[in-house]
Amino acid sequence: MIKQFSSSLKKTKLTVLAILFLTTSFANAQMVKKDFEVADKQYKMMLETQHDLTNFPRSTDENGKVKGVGVFDWTGGFFPGVMWYIYEYTKDPAWEAMAKKWTTALETGKDLNQHHDIGFVMYCSYGNAVRLEKDPKKLEEYNNILIHSAKTALTRFDPKVGLIKSWNTKASWDGKTVWKFPVIIDNMMNLEMLCYVSKITGDPVYKNVAISHALKTMENHFRKDFSTYHVVDYDPQTGKVLHQQTNQGYSDNSTWSRGQGWAIYAFTMMYRETGDKHFLETAKKAANFYLNHPNLP
Numbered sequence: 150m151i152k153q154f155s156s157s158l159k160k161t162k163l164t165v166l167a168i169l170f171l172t173t174s175f176a177n178a179q180m181v182k183k184d185f186e187v188a189d190k191q192y193k194m195m196l197e198t199q200h201d202l203t204n205f206p207r208s209t210d211e212n213g214k215v216k217g218v219g220v221f222d223w224t225g226g227f228f229p230g231v232m233w234y235i236y237e238y239t240k241d242p243a244w245e246a247m248a249k250k251w252t253t254a255l256e257t258g259k260d261l262n263q264h265h266d267i268g269f270v271m272y273c274s275y276g277n278a279v280r281l282e283k284d285p286k287k288l289e290e291y292n293n294i295l296i297h298s299a300k301t302a303l304t305r306f307d308p309k310v311g312l313i314k315s316w317n318t319k320a321s322w323d324g325k326t327v328w329k330f331p332v333i334i335d336n337m338m339n340l341e342m343l344c345y346v347s348k349i350t351g352d353p354v355y356k357n358v359a360i361s362h363a364l365k366t367m368e369n370h371f372r373k374d375f376s377t378y379h380v381v382d383y384d385p386q387t388g389k390v391l392h393q394q395t396n397q398g399y400s401d402n403s404t405w406s407r408g409q410g411w412a413i414y415a416f417t418m419m420y421r422e423t424g425d426k427h428f429l430e431t432a433k434k435a436a437n438f439y440l441n442h443p444n445l446p
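This is the structure in C-alpha cells:
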C-alpha cells in the first residue's frame, strides 16, 4: 500500500512538473510572438520614412524624430541585423528583401579601420545574412565581404601587446590621462567574426588573434570579484598595463553594466568557439557578479 502511494505520488509530481514546463514554454513562446509582432509593426513604420541608405537609424530626438548614423558608426549594423531576425521569425520574403537591401548598403564598412567596431557593424548584418542566405552566389559574396572585414580588423592587432586596439590615442574621461593603447571590454564582441572567418577560410590566424585578445582581456579587465573595468590602457612598447579606468561608467572603480553584459556574452561565445573552459568559467563568474549583486532586486 505504501509502495503504491509512493509510486502514485511520484507520478503526480512528474505530471505537475510536466504541466509547469509546458505552461512556461507556452508563455515564453507567446511572449516572443508578441515581441516580434511589435518589432514587425515598428520597423515597418520606421521604414516608411527611412529612404536614405547612408543613414542607419539609431535613436530618436526629443520630438520622436529618428536620428541616424553613417556606415562607420559602431551601431550601423544593428538596423539590418534586426531585420534579418524578423525575417528569420516571420519567414516573410519582404523582410528578407529589406534586410538584404540595408545590409548591402553597409558594404563599405568592410574598410572600417578607425576603431575596433568593425565586428559589430559587419557581423550583426552580414553575419546574419550568411546564416540565412540560401543562394550560393550571394552566400559567397557575403562571405568574401566578411573575410575582407576580418583582414581589416587584424590591422589594429599588435602582437607585442597581444590585443586589438580599440581606439586611437585619446584623452581619458577626466582629461588627466592620455591613453596610448586603450582596449575596452566592448572589443570582445568583435571576436565572433574572426572565429567565423577562420572556419570558412581554414586560416587559423583570425581565430588565434581572437584567442590572444580574449586571454589578455581575461587577465586584465576583471577585478577579483569578476566585475569589469571598461578601459584598460597598455604600453604599446612593452604590453604592460598602464591604466584601468572607465569612459562611460560612473567611475574608474564602478562596473559599467553594459560592459559587464559584453563580457558575459563574449566569453561564453569564446568557450563555444574554442572549448577552453577558462572562458566559460570567466563568463559564469561575471554573470554571478551580476546575479548576486546586493544592489539589484
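Residue numbers for the sequence shown follow the numbering used here, beginning at 150 and rising by one.
Quick reminder that beta carbons are idealized off the backbone N, C-alpha and C, glycines included.
Buried versus exposed, by CB contacts within 10 Å (16 or more), E245: Here the question's residue 245 lines up with position 96 in the sequence shown. By the 10 Å Cβ count, E245 comes out buried.
Boundaries (first-last residue) of the alpha helix (DSSP H) holding T217: As a working note, residue 217 is residue 68 in the sequence shown. Checking the displayed sequence, the identity of residue 217 turns out to be Gly instead of Thr. Careful: G217 lies outside any alpha helix (DSSP H), inside the beta strand (DSSP E) at V215 to V218.
Short of 8 Å in beta carbon distance, which residues of its chain neighbour K389, apart from the five on each side in sequence? Order them along the chain. Translated into the one-based positions of the sequence shown, residue 389 becomes position 240. Result list for K389: Y383, in chain order.
Going by the beta-carbon positions, is the gap between I296 and R305 smaller than 7 Å? In the sequence shown, the residue the question calls residue 296 occupies position 147. In the sequence shown, the residue the question calls residue 305 occupies position 156. Their beta carbons are not under 7 Å apart, which means I296 does not touch R305 by this criterion.
Start and end of the alpha helix (DSSP H) containing I296? The count along the sequence shown starts at 1 and reaches residue 296 at position 147. Start and end: P285 to L303.
Return helix, strand or coil for K319, following the three-state DSSP convention. The sequence position of residue 319 within the sequence shown is 170, counting from 1. Reduced to three states, the DSSP call for K319 is strand.
Selection from Y414, M418 and A435 that minimises the alpha carbon distance to T404: As a working note, residue 404 is residue 255 in the sequence shown. Checked all of Y414, M418 and A435; the closest Cα to T404 is A435.
Tell me, please, which residues DSSP counts as bridged to R328. Working through the sequence shown from its first residue, we reach residue 328 at position 179. Checking the sequence, you will find Trp at residue 328 rather than Arg. W328 pairs with K319.
Contacts around A302, its chain only, beta-carbon distance under 6 Å, and the 5 residues preceding and following it disregarded: Position 153 of the sequence shown, counted from the start, is the residue given in the question as residue 302. For A302, where only same-chain residues beyond five positions count, the Cβ hits under 6 Å are I267.
Can you tell me whether Q386 is buried or exposed? The criterion is at least 16 other CB atoms within 10 Å of its CB, across all chains shown. Against the sequence shown, residue 386 aligns to sequence position 237. That one is exposed.
Rounded to the nearest angstrom, what separates F185 and W251 at their Cα positions? As a first step, residue 185 is located in the sequence shown; it is residue number 36 there, counting from the start. As a first step, residue 251 is located in the sequence shown; it is residue number 102 there, counting from the start. Those two C-alpha atoms are separated by around 19 Å.
Could you tell me if F438 is buried or exposed, where buried requires 16 or more neighbouring beta carbons within 10 angstroms of its beta carbon? If you number the sequence shown from 1, residue 438 lands on position 289. Buried is the call here.
Just list the residues that DSSP pairs H392 with in beta bridges. Here residue 392 refers to the residue found at position 243 of the sequence shown. For H392, which the question treats as bridged, DSSP gives the partners D382.
Identity of the residue in M247, C273 and V181 nearest D222 by Cα: Position 73 of the sequence shown, counted from the first residue, corresponds to residue 222. The shortest Cα separation from D222 among M247, C273 and V181 belongs to C273.
I'd like to check one pair, H370 with G398: are the Cβ atoms closer than 7 Å? The residue given as residue 398 occupies position 249 in the sequence shown. The residue given as residue 370 occupies position 221 in the sequence shown. Cβ distance not < 7 Å, so G398 and H370 don't count as in contact.
Cut-off 6 Å between Cβ atoms - residues of its own chain near F154, not counting five sequence neighbours on either side: For the purposes of this step, residue 154 is taken as residue 5 along the sequence shown, with counting starting at 1. Any reading at F154 must be qualified, since the residue scores a pLDDT of 45, below 50, and its modelled position is unreliable; no value is offered.
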